[in-house]
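J.: Counted from 1, the sequence shown has number 115 at position 114 by my numbering; the numbering is strictly sequential. Think of the CB as a built atom: it goes at the ideal place given N, C-alpha and C, for glycine as much as any other residue. This is the structure I have questions about; it appears just below.
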Amino acid sequence: MDYIIRLATIDDCKNLAELKQRVWAETYRGIYYDNIIDNFNYQEAEDVFVNIFNNKNISLYVVESNNNLVGYMSVGKPIIEFGNYEQEIGLLYLRKSFQKIGLGKKLFNLAQKEIKEKGFNNFFVSCNKYNLNARQFYEKMGGKLICEDADIDNKRKVQAKYHYDII
């Protein structure tokens, strides 16, 4: 499978919003309420990506295959502060057909390298508590579970957080 990983451009933000909805439909159906996925707010999602893109403390990467975006990742200052952490992988999403082929690991390693080059020696990742594939991936990448939210009805808001040391 041919792909490239590159820094996002402002022009990618609209396509990233569309990709986010597709990833949510593939990943979170049965976890998130159906109406959240079915009534996805594309403009709101695009605005979030524009804000991330414009934040000089965060790098936004895209994965492109055959001129289509198939994944994305943000890395840098936490979007939502957590503890004393100064760095996070805030988003790491791939279309299902691009999972389990090493792309997630390439993105993760790219983020870890960037964090290290900035002079930091640890970071965290937050993912949905019920996204078992993501949790297995983050554990496989060496993450140590440091926080797991209590169960609530709105499963969209329930997170698990993983700590990583950079050696």
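Which residue marks the beginning of the alpha helix (DSSP H) containing Gly-105, and which one marks its end?
T.: Counting along the chain, the alpha helix (DSSP H) containing Gly-105 begins and ends at 104 to 118.
J.: Taking all protein chains shown into account, do 16 or more other C-beta atoms lie within 10 angstroms of the C-beta of Tyr-43, making it buried, or fewer, making it exposed?
T.: Result: exposed.
J.: Determine the direct distance from the alpha carbon of Phe-125 to that of Ile-90, and round the result to whole angstroms.
T.: When rounded, the distance between both Cα atoms is 7 angstroms.
J.: DSSP state of Asp-166, grouped into three classes?
T.: Strand.
J.: Could you have a look at Ala-135 and say whether DSSP puts it in helix, strand or coil?
T.: Ala-135: helix per DSSP, three-state reduction.
J.: Do you know how far the Cα of Ala-135 is from the Cα of Leu-17?
T.: One C-alpha to the other measures close to 19 angstroms.
J.: For Ile-80, which residues from the same chain have a beta carbon less than 8 angstroms from its beta carbon, with the 5 sequence-adjacent residues on both sides left out?
T.: These residues qualify, in order along the chain: Ile-53, Ile-59, Glu-89 and Gly-91.
J.: Which residue from Arg-96, Val-76 and Lys-145 puts its Cα closest to that of Glu-65?
T.: Among Arg-96, Val-76 and Lys-145, the Cα nearest to that of Glu-65 belongs to Arg-96.
J.: My assumption, with CB atoms under 8 angstroms, is that Leu-20 sits in contact with Leu-70. Please give the rounded CB distance.
T.: That belief holds up - the Cβ atoms of Leu-20 and Leu-70 are roughly 5 angstroms apart, short of 8 angstroms.
J.: Considering only residues of the same chain and omitting the five flanking positions on each side of Trp-25, which have a CB-CB separation below 6 angstroms?
T.: Only Ile-38 meet the Cβ criterion.
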